[in-house]
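Convert by adding 78 to the 1-based position in the sequence shown; the result is the number in my numbering.
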Amino acid sequence: MYNSIEIKNLKKHFGSGDNEALIFDGADLTIEKGSFVSLTGASGSGKSTLLYLIGGLDRDFTGDIRISGQSISGMDDKQLSYLRSNKLSYVFQFYNLVANLTVEENILLPIELSGRKTRDYLPQLEEILKITGLSEKRKSYPAQLSGGQQQRCSIARAVLNEPEILLADEPTGNLDKNSGEQIMKLFRQLNEQKGITILQVTHSDECAAYANRIVKLSDHRLEDVE
Ligand SMILES: Nc1ncnc2c1ncn2[C@@H]1O[C@H](COP(=O)(O)OP(=O)(O)O)[C@@H](O)[C@H]1O
Ligand SMILES: [Mg+2]
79 MYNSIEIKNL KKHFGSGDNE ALIFDGADLT IEKGSFVSLT GASGSGKSTL
129 LYLIGGLDRD FTGDIRISGQ SISGMDDKQL SYLRSNKLSY VFQFYNLVAN
179 LTVEENILLP IELSGRKTRD YLPQLEEILK ITGLSEKRKS YPAQLSGGQQ
229 QRCSIARAVL NEPEILLADE PTGNLDKNSG EQIMKLFRQL NEQKGITILQ
279 VTHSDECAAY ANRIVKLSDH RLEDVE
């Protein structure tokens with residue numbers, strides 16, 4: 079058994095000289111498989127940067143980041159792209175749906191783009207439409223959906239393939255309170271029923287409280303909040 083995410087002695091900065099911005103300075107974090115963690119911290123402290131680092135999208139750091147026990151520093155592009163299409167998925171504040179594709183076409187898009195046969199995923203599509211409450215909206219286009227429904231569609235797209243880890247960057251940041259709560263309940267369900275490890279960035283104490291653990295980024299390090 080391994081942990082989903084292990085970060086040891088992470089150091090990261092942007093720029094150099096007078097323009098240097100220090101982001102991480104000896105940050106450690108272990109996220110056990112199957113946990114649901116909220117990440118908080120001041121604006122500009124580096125929360126989004128951490129998600130990019132974990133996803134292997136930014137490889138300019140020192141220290142160790144392990145995903146499912148495997149260090150990402152040692153991965154080549156092929157291994158990283160395997161990781162991103164099979165092990166971890168992202169959800170962002172803005173839903174990034176394709177306007178001229180229907181709900182179900184949007185959900186299946188990553189499968190199609192990775193060259194897999196969408197028909198092999200039809201049972202998973204049915205299930206995720208049900209879980210996200212979008213079965214009736216499957217033929218609708220993004221513009222015909224509320225913000226909450228669009229976010230649920232982007233979550234369905236992110237988890238269709240049952241990734242081990244879901245990284246969410248302020249997923250409720252653009253939503254009203256009620257829609258935000260629905261997203262949190264959906265995360266809790268995906269975590270409990272599908273065992274997906276979730277790391278979400280949030281500014282809201284209410285949303286943070288849906289997780290089983292709250293981690294704060296401050297002074298360039300990561301610490302548990304009691
Ligand atoms: N690609 C980049 N180049 C230079 N500076 C960056 C870059 N990305 C982020 N930053 C800076 O790093 C800091 C942390 O950014 P970010 O991770 O987006 O913070 P948060 O998500 O916590 O608000 C900010 O000061 C931001 O301006
Ligand atoms: Mg951010």
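Glycine residues also receive a C-beta, built at the ideal position from the N, C-alpha and C atoms.
C-alpha distance - residue i paired with residue j, whole-angstrom precision
| i | j | result |
| --- | --- | --- |
| E205 | A287 | 27 Å |
| I85 | Q228 | 32 Å |
| G336 | Y160 | Coverage of the chain is limited to positions 79 through 304, which leaves residue 336 absent and any answer about it impossible. |
| G141 | L128 | 13 Å |
| S218 | Y168 | 23 Å |
| D254 | S94 | 40 Å |
| T250 | Y80 | 30 Å |
| D138 | L179 | 35 Å |
| D155 | N164 | 14 Å |
| A289 | R266 | 7 Å |
| P220 | F172 | 12 Å |
| K195 | G124 | 37 Å |
| R197 | R230 | 22 Å |
Residue i vs residue j beta-carbon contact at 8 Å
| i | j | result |
| --- | --- | --- |
| L117 | Q278 | yes |
| L166 | I145 | yes |
| A105 | L300 | yes |
| I101 | I132 | no |
| N174 | S232 | yes |
| R281 | E304 | Residue 281 is actually His in this sequence, not Arg. In this structure, E304 does not lie closer than 8 Å to H281 by Cβ. |
| R291 | D302 | yes |
| N252 | G225 | yes |
| L158 | V176 | no |
For residue j and residue i, believed in contact at Cβ under 8 Å, the rounded distance
| i | j | result |
| --- | --- | --- |
| I306 | A234 | Any property of residue 306 remains undetermined from this structure, which presents the chain solely from 79 to 304. |
| I276 | V115 | 7 Å |
| G134 | I109 | Wrong, their Cβ atoms sit about 16 Å apart, outside the cutoff. |
| K215 | L203 | Not quite, the Cβ-Cβ distance comes to about 13 Å (not below 8 Å), so this is no contact. |
Ligand 4 heavy atom lying under 7 Å from the CB of residue i
| i | result |
| --- | --- |
| I85 | In the structure shown, ligand 4 is absent; the only ligands present are ligand 1 and ligand 2. |
Minimum length 4: unbroken alpha helix (DSSP H) runs contained in the segment 136-162: none
Three-pair Cβ contact test at 8 Å for the segment 239-246 versus the segment 208-218: no
Three or more C-beta pairs below 8 Å linking the segment 288-303 and the segment 117-128: yes
Entirely enclosed alpha helix (DSSP H) segments - the segment 197-284, minimum 4 residues: 200-209, 225-237, 255-272
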